[in-house]
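Chemist: Below is a structure I'd like to ask you about.
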Amino acid sequence: MSVSSSAVRPIRWAIVGSGGIARRTVGDLRLCPEARLVAICSRSRERADAFAAEHGLPLAFDDYTALCASPEVDAVYIGTPHATHFALARQALVAGKHVLCEKPLTMTADEARTLGRLAAEHGVLVMEAMWMKFSPAMQRAVELVREGVIGQPRFLQAGLGYPVPANGPARFWDPALGGGALYDMGVYLLTLAQMFLGEPEEVRVTGQMRPDGVDLAEAITLRYAGGAMAQLATSIIGWMPPRGWLGGDGGAIDFQEPLFSPGGLKVSTGRPPAPPQVQQLDFPREGAGYAPMFRAAHQAIRAGQTEHPQHPVAATAAVLDLMQRVQALMAVERDAGASAGLGAGSAPGAEASPPGARP
Ligand SMILES: NC(=O)c1ccc[n+]([C@@H]2O[C@H](COP(=O)([O-])OP(=O)(O)OC[C@H]3O[C@@H](n4cnc5c(N)ncnc54)[C@H](OP(=O)(O)O)[C@@H]3O)[C@@H](O)[C@H]2O)c1
Numbered sequence: 004m005s006v007s008s009s010a011v012r013p014i015r016w017a018i019v020g021s022g023g024i025a026r027r028t029v030g031d032l033r034l035c036p037e038a039r040l041v042a043i044c045s046r047s048r049e050r051a052d053a054f055a056a057e058h059g060l061p062l063a064f065d066d067y068t069a070l071c072a073s074p075e076v077d078a079v080y081i082g083t084p085h086a087t088h089f090a091l092a093r094q095a096l097v098a099g100k101h102v103l104c105e106k107p108l109t110m111t112a113d114e115a116r117t118l119g120r121l122a123a124e125h126g127v128l129v130m131e132a133m134w135m136k137f138s139p140a141m142q143r144a145v146e147l148v149r150e151g152v153i154g155q156p157r158f159l160q161a162g163l164g165y166p167v168p169a170n171g172p173a174r175f176w177d178p179a180l181g182g183g184a185l186y187d188m189g190v191y192l193l194t195l196a197q198m199f200l201g202e203p204e205e206v207r208v209t210g211q212m213r214p215d216g217v218d219l220a221e222a223i224t225l226r227y228a229g230g231a232m233a234q235l236a237t238s239i240i241g242w243m244p245p246r247g248w249l250g251g252d253g254g255a256i257d258f259q260e261p262l263f264s265p266g267g268l269k270v271s272t273g274r275p276p277a278p279p280q281v282q283q284l285d286f287p288r289e290g291a292g293y294a295p296m297f298r299a300a301h302q303a304i305r306a307g308q309t310e311h312p313q314h315p316v317a318a319t320a321a322v323l324d325l326m327q328r329v330q331a332l333m334a335v336e337r338d339a340g341a342s343a344g345l346g347a348g349s350a351p352g353a354e355a356s357p358p359g360a361r362p
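Add 3 to the 1-based position in the sequence shown for the numbering used here, that's all there is to it.
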């Protein structure tokens, strides 16, 4: 097991996939003195070499099995399309590498639980790269709610979406890669709801889903024991500013844009008829906003934990379970609508990718 050996030297990371997120996070990984980025793994020799040269990395792999076998790598950060996460994470865990994997960790809750079991068996960390949860603003918001500053949470509203061009990244449009709004952006909203309200008792959804299972837009309503509610909306065909707020019986917290890495919180407290007292809390962003998440992963690795206590696999799996339910409900709605002539076949992107196996 690499936990004890990596305790005496920097944790040596490899990035898997040389695409958009790899480029966005590379600088933040380097902000952490307890870690060293040593490798890139790409499906292409040329892209691996080019990424390594651009970022000054000593190792460039074009063979994932070779990366997993390398004694010079302790941990992998997986930044590939959603549907590839499970197989890549499983292989790395079995090889004894720590895994930090982009969201969503896997496509199903069962796959996530399998990764959790493998991490425990092999004594290494597995963690979804849910950077939103580790942003200083969100950490403070959790504390404020725990301290009772807004009273009992009653309602969460949050949205996140933008019109992805039909010729934009395939991961949005290709059902084989896990395309759609829910798995890419909705995962933040459902995670946010879980952070503040727990697990819902009831799920309702209305939206637009293509025949191949790619969801274009949806509005999700969640209802919790005790009566709290969440209303969440996501889309890949229209703008939904990345905003949200949580209201309680003693106040409210506005998460300032962007929701997944808020620069501030507006905290309003009080009870009518007195006007609310408003406090603005600002949180300067460190790097591109991913550094706190990397640091959290490093702390868990150093502590010999196989899951992060603030973002354990059970939490990830519960969100995935919810996403599967939302997908299934949308498929039912689509099929009912299709039989009534109301399908999403004419929606933007409808012709952009081949039929796939999703519901
Ligand atoms: N946390 C965030 O802020 C954030 C932002 C954007 C995306 N993400 C997540 O990061 C993941 C990747 O998103 P991205 O925007 O980086 O995607 P991307 O630009 O399309 O890059 C993904 C990279 O994965 C590699 N890859 C491996 N298998 C692949 C396959 N079957 N098809 C296509 N590419 C494959 C490719 O690199 P090689 O060609 O070098 O192998 C590709 O460049 C997604 O799961 C997404 O949810 C997170």
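Note that beta-carbon positions come from the ideal geometry of N, C-alpha and C, so glycine has one too. Nothing here was measured: the structure is a model prediction, and the numbers come from that model.
Would a C-beta distance cut-off of 9 Å place leucine 249 and valine 148 closer than the cut-off?
Modeler: yes
Chemist: Verify the contact flag: histidine 311, CB atom, against every heavy atom of ligand 1, threshold strictly below 8 Å.
Modeler: no
Chemist: Grab me the residues of glutamine 282's own chain with a C-beta within less than 6 Å of its C-beta, minus the 5 sequence neighbours each way, in chain order.
Modeler: Val270
Chemist: Specify, as a first and last residue, the run of the beta strand (DSSP E) that isoleucine 81 falls within.
Modeler: 78-81
Chemist: Please list, in chain order, all residues of the same chain as proline 36 whose beta carbon is under 8 Å from its beta carbon, the five residues on each side excluded.
Modeler: The residues are Pro13.
Chemist: With a threshold of 8 Å, establish whether the CB of leucine 249 neighbours any heavy atom of ligand 1.
Modeler: no
Chemist: Closer than 8 Å to a non-hydrogen atom of ligand 1 - does that hold for the CB of tyrosine 165?
Modeler: The answer is no for tyrosine 165.
Chemist: Can you give me the start and stop residues for the beta strand (DSSP E) that histidine 101 sits inside?
Modeler: 101-104
Chemist: Report yes if the CB atom of threonine 111 is closer than 9 Å to the CB atom of alanine 92, and no otherwise.
Modeler: no
Chemist: With DSSP as the reference, label threonine 224 as helix, strand or coil.
Modeler: strand
Chemist: I need the DSSP call for serine 9, collapsed to helix, strand or coil.
Modeler: Low per-residue confidence applies at serine 9: pLDDT is 45, beneath 50, and the placement is therefore not dependable, though the value from the model is reported in the following sentence. Helix, per DSSP.
Chemist: Quick check: the Cα distance between leucine 193 and leucine 325, rounded to an integer number of angstroms?
Modeler: 8 Å
Chemist: Within 8 Å: the Cβ of tryptophan 134 and any heavy atom of ligand 1?
Modeler: yes
Chemist: Is it the case that the CB of isoleucine 24 approaches a heavy atom of ligand 1 more closely than 8 Å?
Modeler: yes
Chemist: Check alanine 255 in the structure and name its three-state DSSP category.
Modeler: strand
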